[in-house]
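> Here you go, one structure.
Number of protein chains: 2
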Amino acid sequence: MELFEPETADLDLTAVLQALGDPIRLRIVRELADCEGERTCGTFELGVSKATRSHHFKVLREAGVTRTRPEGTHRHVRLRREDLDARFPGLLDAVLARTPAAR
Amino acid sequence: MELFEPETADLDLTAVLQALGDPIRLRIVRELADCEGERTCGTFELGVSKATRSHHFKVLREAGVTRTRPEGTHRHVRLRREDLDARFPGLLDAVLARTPAAR
DNA sequence: CACGTCGTTCGACGAGTGTCGAACCACACG
DNA sequence: CGTGTGGTTCGACACTCGTCGAACGACGTG
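Chains as they are written, first to last, in the numbering used here: chain A, 1 to 103; chain B, 1001 to 1103.
Laid out in structure tokens, this is it:
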């Protein structure tokens, strides 16, 4: 298990958009943004199996959206907010914003 | 052929992100943003067949990213910039921005 | 009318994706 | 050491997606 995470300069816009273009992953990113820090994978109630959850976290990590820090048997996940803002300014804010007409 | 286009209020973020998360479609959107108006589908050099091109334009239209106006045998396509800005402020700008480290 | 052009639609195909259970690994704790 | 827990990996499966050639439809033009 090599835990691949792309360099900030290597972040690919289509890969990021693709990663964010899934309801479950978008939810993960939103919760991650709300908590403003780290969370372990297990604390997400996503309504899918462990295997599927692991898959989504992998997609997010390999797209460069999240950073994963292993610690013991847990994995602490956090948003790569600064990196994303540096590479694609405004993107994360736009995606996370409460959409005006959605309420 | 009913030419479905979602209402502005019905724009779905994941659908939009999914539509933008493809290199060819992202290119179309970029060129569409550059030309600041309408273009016919045929004026895009995408390196794919007519069928594939038609498919991509359909995805963009059904996600609400573009508006299509038929005129004779042609189809005039334009970006739904105002609608997207109203629904997801900043998203389009972020996606279209020249990425800092990309140069 | 005949022909060419622009674009859609229709299979078809291969590649990728989301999903799961089951097996597995690594660690923590009795 | 045995057991449990948090996560990953491994098929497997169904489904979607991007792609194409071919056929088709609609419109303009000669």
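Glycine residues also receive a C-beta, built at the ideal position from the N, C-alpha and C atoms.
In this text the structure is predicted, and so the values were computed from the model without any measurement.
Which residues in chain A sit within 7 Å of VAL945/B, going by Cβ to Cβ distance?
No statement about residue 945/B is possible, as the shown extent of chain B runs from 1001 to 1103 and does not include it.
> Give every residue of the same chain whose Cβ lies closer than 6 Å to the Cβ of ARG69/A, excluding the five residues on either side of it in the sequence, and list them in chain order.
The residue labelled residue 69/A in the question sits at position 69 within the first sequence. So the qualifying residues of the chain are HIS76.
> By how many angstroms is the C-alpha of THR14/A removed from the C-alpha of HIS1056/B?
What you label residue 1056/B is simply residue 56 of the second sequence in a count that begins at 1. What you label residue 14/A is simply residue 14 of the first sequence in a count that begins at 1. Computed Cα separation, rounded: 15 Å.
> Once DSSP output is grouped into helix, strand and coil, what is the label at ARG25/A?
Within the first sequence, the letter at position 25 stands for residue 25/A. It is helical.
> Which runs of the alpha helix (DSSP H) at least 4 residues long sit entirely within the stretch 39-99 of chain A? Give them in chain order.
Whole alpha helix (DSSP H) segments, 4+ residues: 50-62, 81-87, 91-96.
> Alpha carbon to alpha carbon, how far is GLU71/A from ARG1030/B? Give it in angstroms, no decimals.
The residue labelled residue 1030/B in the question sits at position 30 within the second sequence. The residue labelled residue 71/A in the question sits at position 71 within the first sequence. Computed Cα separation, rounded: 42 Å.
> Within 8 Å (strictly less), CB to CB, does VAL111/A reach chain B?
Examination of residue 111/A is not possible in this model, given that chain A is present from 1 through 103 alone.
> Would a check of beta-carbon distances place ASP83/A closer than 8 Å to chain B?
Looking up residue 83/A in the first sequence gives position 83. By this cut-off, ASP83/A is not an interface position.
> Just to check my reading of the structure: ILE24/A and LEU60/A have Cβ atoms closer than 8 Å, yes? What is that Cβ distance to the nearest angstrom?
Stepping through the first sequence from its first residue, residue 24/A is reached at position 24. Stepping through the first sequence from its first residue, residue 60/A is reached at position 60. Incorrect: roughly 10 Å between the Cβ atoms, too far for contact.
> Counting only Cβ-Cβ distances shorter than 7 Å, please list the residues of the stretch 18-46 of chain A near chain B, keeping chain order.
If the cut-off is 7 Å between Cβ atoms, the stretch 18-46 of chain A has GLN18, LEU20, GLY21, ASP22, PRO23, LEU26 near chain B.
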